[in-house]
Amino acid sequence: MLITCPYCGPRDVIEFTYQGDGNRQRPQPSSQDLDAWNAYVYDRLNPAGDHNEIWQHSGGCRAHLRVVRNTLTHEISSSGFARGDHKAARHRLETKS
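Mapping to the numbering used here: the sequence shown position 63 is 65, numbers consecutive.
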């Protein structure tokens, strides 16, 4: 499986570390709602189809990426930075196509 890093280009999945579900909302750190924390830590969906995920390019530039991956085919339909506005890197990716 290849993941396209906006800085480094297409790389093998071995260079990346899965960081988790990109759709989950963490409770406020000061929250004492045990049900909310229990749901955040333990409840997981197992979707079939496109899924929003967070990956880190741990074997490369160390950037955190938001990746949309199909859980049935492992096809990646999009990838980009998890945070921030990195227009230069996004533009670089678009011009390579």
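Even glycine gets a Cβ: it sits at the ideal position worked out from N, Cα and C.
Here the structure is a predicted model, which is why all the values come from computation and not from measurement.
Restricting attention to P29, T6 and H53, the CA atom closest to the CA of N40 is found in P29. Every beta strand (DSSP E) stretch that sits fully inside the stretch 60–89 and reaches 3 residues is listed by chain position as 66–72 and 78–83. Judged by DSSP secondary structure, Y42 falls within the alpha helix (DSSP H) whose first and last residues are L36 to Y44. Going by C-alpha positions, C7 is about 7 Å away from R13. Contact between M3 and H76 holds, since their C-beta atoms are separated by about 5 Å, short of 8 Å.
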